[in-house]
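Colleague: Have a look at this one before I ask anything.
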Amino acid sequence: MVTFDEAADMLDEIAEEMPEAFYSDLNGGVYLLPDTKRDPESDRSRPLYILGQYISRPDLGKYINMYYGSFMKIYSHLPPDAFKRELKRVLVHEFTHHVEFLAGECGLEIKDEIKMEKYRRDRRGG
89 MVTFDEAADM LDEIAEEMPE AFYSDLNGGV YLLPDTKRDP ESDRSRPLYI
139 LGQYISRPDL GKYINMYYGS FMKIYSHLPP DAFKRELKRV LVHEFTHHVE
189 FLAGECGLEI KDEIKMEKYR RDRRGG
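Counting in the numbering used here, the sequence shown runs from 89 upward without gaps.
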């Protein structure tokens, strides 16, 4: 099992590898929070956890939250190297939201919504 401190160290390493341009206007940075965050549309039979979020708020700026508790719900069984790959995958996903936001694009947002619609359809049974 990867501890919170180990995950934080991994995330720091991954974040340092990201191109400097990704941080343009990301004035709040990247945070690892201990929280387990379930999607509001999640149901008990098929829980849906939020692993990371790109947030843009006029009062707090732009930042990325990563949720350690959610990672543990899904990936606690993984060895450290595989866990780190998942952290990187999610961080790159959130950075993509940020870069698209800066460019006025929403391709990834549309893809995420399509996945959510599939989740809703499957949850309804059809």
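Note that beta-carbon positions come from the ideal geometry of N, C-alpha and C, so glycine has one too.
Small disclaimer: the values here were computed from a predicted structure and weren't measured.
List, from N- to C-terminal side, the alpha helix (DSSP H) runs of 4 residues or more that fit wholly inside the region 144 to 196.
Modeller: Fully enclosed alpha helix (DSSP H) runs of 4 or longer: 156 to 163 and 168 to 191.
Colleague: Taking buried to mean at least 16 other C-beta atoms within 10 Å of its own C-beta, is Gly-140 buried or exposed?
Modeller: With 16 or more Cβ atoms within 10 Å of its Cβ, Gly-140 is classed as buried.
Colleague: Thinking C-alpha only, which one of Arg-212, Leu-166, Arg-145 and Leu-175 is nearest Asp-97?
Modeller: Nearest C-alpha to Asp-97: Leu-175.
Colleague: Work out the CA separation of Glu-108 and Arg-247 for me, nearest whole Å.
Modeller: The shown model of the chain, from 89 to 214, leaves out residue 247, and the question about it has no answer.
Colleague: For Tyr-155 and Phe-110, what's the separation of their Cα atoms in angstroms?
Modeller: Spanning the two alpha carbons is a distance of roughly 20 Å.
Colleague: Tell whether a beta-carbon distance below 8 Å holds between Leu-114 and His-186.
Modeller: Contact: yes.
Colleague: The beta strand (DSSP E) with Ala-99 in it runs from where to where?
Modeller: Reading the sequence as shown, one finds Leu at residue 99 and not Ala. Run containing Leu-99: none in the beta strand (DSSP E); it sits in the alpha helix (DSSP H), 92 to 105.
Colleague: From the DSSP output, in three-state form, read off Arg-211 for me.
Modeller: The answer is helix: DSSP assigns Arg-211 an H, G or I state.
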